Amino acid sequence: MPSNTAHTPGASAPSVTDSPAPWLIGLPFGSAAHVVWLYYVVKEAEDGIRAVRVALERANGERDRPAREGPLAQAEPIEVQRILHDAVGHANLVPWP
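Here our numbering is used: the first residue of the sequence shown is 1, the next is one more, and so on.
Structure, rendered in structure tokens:
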């Protein structure tokens, strides 16, 4: 018996809005005299606090350790921004409080 396989375009395709928007996390490393920023796109976090934790874990990993110049710079704030796309697909960075 044939099944009804009619397809409405886009009905079964995952929507961009179904997944949480990614985060851009900027971590300052070094001293007050010389700061090196490492930026991470974090897709798997639901909120800014979790995104910062993921970024810190990545920064402490083997791969990124040589890029850092010293410890996390206490004089500079960590940058936390949400990457949102408008209706035509342009990416916008929205600061997280």
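Heads up, the beta-carbon is just placed ideally off N, CA and C, and yes, glycines get one too. The structure displayed is predicted, hence computed values, not measured ones.
Discussion item. If I follow the unbroken beta strand (DSSP E) through residue 91, where does it start and stop?
Written reply: 91-95
Discussion item. Going by the DSSP bridge assignment, what does residue 82 pair with across the sheet?
Written reply: 23, 94
Practice prompt. Please say whether residue 59 and residue 38 have beta carbons closer to each other than 8 Å?
Written response: yes
Worksheet item: Considering only residues of the region 28-76, which uninterrupted alpha helix (DSSP H) runs meet the minimum length of 4 residues and lie entirely inside it, listed in chain order?
Response: 48-59
Worksheet item: Nearest-angstrom Cα distance between residue 53 and residue 33?
Response: 25 Å
Worksheet item: What number of angstroms, rounded off, separates the C-alpha of residue 87 from the C-alpha of residue 93?
Response: 15 Å
Discussion item. Spatial neighbours of residue 30 within its chain, please: C-beta separation below 7 Å, excluding the five flanking residues on both sides.
Written reply: 36, 69, 70, 73
Practice prompt. Would you mind sorting residue 91 into buried or exposed? The rule is 16 or more other CB atoms within 10 Å of its CB.
Written response: exposed
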